[in-house]
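*Asks:* Structure incoming, see below.
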Amino acid sequence: MIAEEKVAALRALDSYLKEKLVTWLTPATLELHHITWDDPASLLEKIVAHEAVHPISNLTDLKRRLGAGRRCFGYLHPAIPGEPLIFIEVALLKDVARTIQEVLWDTPPSPESEATCALFYSISSTQPGLAGINLGKFLIKRVIELVKRDMPHITKFATLSPIPGYMNWLQSKLASQLKIAEAENEDSMGSTFKEDILQPDEESALLKLSTEFTSGKNGMEVMMNLLTSTNYEWAKSDKLLSVLRGPLMRLCARYLVIEKKRGKALDSVANFHLQNGAMIEKLNWMADRSTKGLHQSGSIMVNYVYRTDKIEENAQLYFNEGRIQASADIHHYLEKVQR
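Here it is as structure tokens:
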């Protein structure tokens with residue numbers, strides 16, 4: 001065990017080093033580099049190795065992400081030449097994309113002259129030791145400024161983002177509510193921790209599935225059994241998808257907007273974009289059908305929008321009050337949660 005005074009000393013050292021790094025890694029000391037296929041192989045290898053959101057499968061995939069209709073920008077520091085500290089991947093589109101499949105695999109891309117939207121679909125750090133320093137905020141702002149200057153016909157700046165903590169949160173919530181329901185049945189005492197996770201129509205629709213697809217004493221148990229089934233069989237059935245879509249989308253809106261940790265969004269990606277001044281615009285069903293997407297978020301992805309005239313105001317409201325800006329589409333789901 002480390003002595004308490006040593007722990008305090010290490011914390012002080014950590015804080016000191018972080019302050020120094022923040023001083024050294026200001027936008028003025030960082031070079032914004034447009035990464036292209038013509039960059040050195042050593043730099044491109046770093047991009048492939050550190051892509052943390054949507055892994056690059058082969059050279060053809062990498063070339064597509066660096067080619068027409070796409071951009072990749074990274075921050076370089078003079079002390080580490082040829083190695084981006086952080087990089088962001090951008091798709092130039094006619095409108096905001098709703099699925100990652102269309103971003104990664106649609107070919108050929110739309111002509112850049114017809115693009116109205118710069119879509120940020122991946123941002124990755126190459127330096128784990130810089131995790132506490134928000135270089136991503138500076139990078140997104142710089143890229144927005146650059147795109148506005150070089151391509152004035154692009155007026156929308158949005159993301160297509162994963163929701164990495166959603167399924168863990170939902171399955172934990174279902175498990176705890178199932179235990180509470182079981183305890184109530186045994187002692188017939190009500191619990192102050194009981195929640196109505198499902199609406200009556202959702203409960204009824206899920207129970208109907210129990211005779212055909214899986215067992216369950218109530219809708220929550222049916223839902224839990226489906227979501228934890230091997231090989232994500234639920235995602236291969238149109239009937240199951242139609243029943244699960246409503247509750248999964250509604251509860252996802254709750255997770256992003258209502259569920260908090262120390263007054264800020266519980267989801268790490270949501271917290272990142274909200275503290276940078278974005279707003280939550282739209283939830284997208286079956287937007288990431290990969291195994292990772294099904295495991296993390298039940299296939300749902302979210303668009304965050306950066307409205308350039310609202311970025312600073314949104315960031316301040318979130319920082320000072322934990323207030324999350326969300327579209328009417330998101331509030332529609334939240335009204336269902338609160339009814």
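Read in order, the letters of the sequence shown are residues 1 to 339 in full-length UniProt numbering. The beta-carbon is built from N, C-alpha and C at its ideal position, and this holds for glycine as well.
Identify which residue in Asp106, Lys261, Lys173, Lys208 has its Cα closest to the Cα of Phe193.
*Replies:* Here the question's residue 193 lines up with position 193 in the sequence shown. Residue Lys173 is the option with its Cα nearest to Phe193.
*Asks:* Any idea if Lys46 is buried or exposed, counting beta-carbon neighbours within 10 angstroms, 16 or more meaning buried?
*Replies:* On the sequence shown, position 46 is the one that residue 46 refers to. Under this definition Lys46 is a buried residue.
*Asks:* Leaving out five residues on either side along the sequence, give the residues of the same chain with a beta carbon under 7 Å from the beta carbon of Leu251.
*Replies:* Position 251 of the sequence shown, counted from the first residue, corresponds to residue 251. Excluding positions up to five away in sequence, the list reads Leu170.
*Asks:* Can you grab the Cα-Cα spacing for the pair Pro84 / Ser122, in whole Å?
*Replies:* Counted from its first residue, the sequence shown places residue 84 at position 84. Counted from its first residue, the sequence shown places residue 122 at position 122. Each residue's alpha carbon lies about 14 Å from the other.
*Asks:* Quick one: grab the DSSP three-state call for Met286.
*Replies:* Indexing the sequence shown from 1 puts residue 286 at position 286. Three-state DSSP puts Met286 in coil, outside helix and strand.
*Asks:* For Leu76, list the residues DSSP reports as bridge partners.
*Replies:* Here residue 76 is taken as the residue at index 76 of the sequence shown, counted from 1. Bridge partners of Leu76 according to DSSP: Glu31.
*Asks:* Count the other CB atoms within 10 Å of the CB of Glu312; is the residue buried (16 or more) or exposed (fewer)?
*Replies:* Along the sequence shown, one-based indexing puts residue 312 at 312. Per the 10 Å Cβ criterion, exposed.
*Asks:* According to DSSP, is Val269 part of a helix, a strand, or is it coil?
*Replies:* Residue mapping note: residue 269 aligns to position 269 of the sequence shown, counting from 1. Correct three-state label for Val269: helix.
*Asks:* Classify Ala115: buried if its beta carbon has 16 or more other beta carbons within 10 angstroms, exposed otherwise.
*Replies:* Translated into positions along the sequence shown, residue 115 becomes position 115. Buried, since its Cβ has 16 or more Cβ neighbours within 10 Å.
*Asks:* Considering only the alpha carbon of each residue, which of Ala265, Gly298, Gln127 lies closest to Ala52?
*Replies:* Position 52 of the sequence shown, counted from the first residue, corresponds to residue 52. Answer by Cα proximity: Gln127.
*Asks:* Residues in the same chain with beta-carbon distance under 6 Å from Ala315, minus the five sequence neighbours each way, listed in chain order, please.
*Replies:* The residue given as residue 315 occupies position 315 in the sequence shown. Contacts found: Gly277.
*Asks:* Tell me, please, which residues DSSP counts as bridged to Cys252.
*Replies:* For the purposes of this step, residue 252 is identified with residue 252 of the sequence shown, where counting begins at 1. Secondary-structure assignment with DSSP links Cys252 through no beta bridge to anything.
*Asks:* Measure the beta-carbon distance from Ala97 to Leu62 and round it to whole angstroms, keeping in mind my assumption that it falls under 8 Å.
*Replies:* Against the sequence shown, residue 97 aligns to sequence position 97. Against the sequence shown, residue 62 aligns to sequence position 62. Actually they do not touch by this definition, with Cβ atoms about 19 Å apart.
*Asks:* Roughly how many angstroms separate the alpha carbons of Leu139 and Arg64, rounded to a whole number?
*Replies:* In the sequence shown, the residue the question calls residue 139 occupies position 139. In the sequence shown, the residue the question calls residue 64 occupies position 64. Approximately 22 Å between the Cα atoms of the pair.
*Asks:* Under the three-state reduction of DSSP, which class applies to Val53: helix, strand or coil?
*Replies:* In the sequence shown, the residue the question calls residue 53 occupies position 53. In the displayed model, Val53 falls within coil according to three-state DSSP, outside both helix and strand.
*Asks:* Could you give the DSSP three-state label for Ala68: helix, strand or coil?
*Replies:* Here the question's residue 68 lines up with position 68 in the sequence shown. Looking at Ala68 - three-state DSSP - the assignment turns out to be coil, as it is neither helix nor strand.
*Asks:* Drop a sphere of 10 angstroms on the beta-carbon of Ala175, count the other beta-carbons inside from all chains shown, and report buried for 16 or more, exposed for fewer.
*Replies:* Looking up residue 175 in the sequence shown gives position 175. Counting Cβ neighbours within 10 Å, Ala175 comes out exposed, since fewer than 16 surround it.
*Asks:* So, at 7 Å on beta carbons, what are the nonlocal neighbours of Arg339 in its own chain, with the 5 sequence-adjacent residues on each side left out?
*Replies:* As a first step, residue 339 is located in the sequence shown; it is residue number 339 there, counting from the start. Note that Arg339 has pLDDT 46, beneath the 50 cutoff, so the model's placement of it is unreliable and no number is given.
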